[in-house]
Amino acid sequence: MSNQVEASIYDYPKYYDLLFGSDVAAEYRFLKACFAKHAGCEVKRIFEPACGTGRLLIKLGRAGYEVGGNDLNPKAVDFCNERLRRYELPETVVVGDMSNFKVKKKFDAAFNMINSFRHLATEKQAVGHFECMANGMTKGGLYVLGIHLEPTACPAMQEESWSARRGNLVVNSYMWSKGIDRKTRLEHLGLHVDVFTPTKRMRIVDHMEYRTYNKSQFMSLLKKVPKLEIAETYDFSYDIRNPHVVSGTTEDVVYILRKK
């Protein structure tokens, strides 16, 4: 590549948004179906922790929902608020820690669709996150949480790649597991993001750490926050008609958590 930088993909919100935005339409339909099927309250106000560029928040806001969110990365927050402003929506995304926050108004539903929850490196942070979500949610409200579990009955997927294009901008990515520290339960991941435009080529070299969960570890975590219950589970096909039973071979799962 003609230009290589070691940086976080989160510092390049335009490329991040394109790369992870391909499933927005399916995610949007799935969320609305979840609200209708599983919520114990009318969903009007929606919150996204670790919202990044807010690709789904924007779509939900334009559909008439009151939306808000937080993220640790100021560049992502600025990017999201700029888009909210462009669509004449309130700039309701703030810089904040998803394991330690409070909301001014309780929300009826929340979502975190692509593994951002696993950035929380410790059990204490994960419990704190669920407690914040439960405390900020109305009774009967939903938290739609998508994560990758570590399978116990088959080998885990070690790498994946995907591409996205918008006009003359092409973004290719390759992610691979460098290994898991069993003591800390942190999986070390490498990520290469190759960016192509008519005038520029660059590679972003990133390193990420995700806390690992198998089925029993996640269930053990959830028991520490008894205000939340599992209403249903799905996989990443986002088919509301086809719930998924989590087993030892499950890797991709969407937990529908509901506040008691």
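In case it helps, my numbering puts the sequence shown at residues 5 to 264.
Note that CB positions come from ideal geometry on N, CA and C, so glycine has one too.
With contacts defined as CB atoms closer than 7 Å, residue 91 and residue 66 qualify as a contacting pair. Excluding five sequence positions before and after residue 83, the CB atoms of its chain that fall closer than 6 Å to its own CB belong to 17 and 57, given in chain order. 152 is the residue among 125, 127 and 152 whose C-alpha sits nearest the C-alpha of residue 239. Inter-residue distance for residue 165 and residue 177 is about 5 Å (C-alpha atoms, whole angstroms).
In this structure, the straight-line span from the alpha carbon of residue 106 to that of residue 94 is close to 19 Å. Put simply, the region 230 to 246 does not touch the region 195 to 215. Fewer than three CB pairs are less than 8 Å apart. Its Cα nearest to that of residue 217, the residue 256 stands out among 194, 211, 256 and 195. In this structure residue 157 is exposed. Its beta-carbon is surrounded by fewer than 16 other beta-carbon atoms within 10 angstroms. Secondary-structure assignment with DSSP links residue 7 through no beta bridge to anything. In the three-state scheme derived from DSSP, where H, G and I count as helix and E and B as strand, residue 161 is classed as coil. In this structure residue 193 touches residue 212 by the C-beta definition: roughly 5 Å separates them, less than 8 Å. Taking the CA atoms as reference points, residue 134 sits about 41 Å from residue 7.
Bounds of the alpha helix (DSSP H) holding residue 59 are 59 to 66.
Straight-line spacing of the CA atoms in residue 59 and residue 186 works out to 34 Å.
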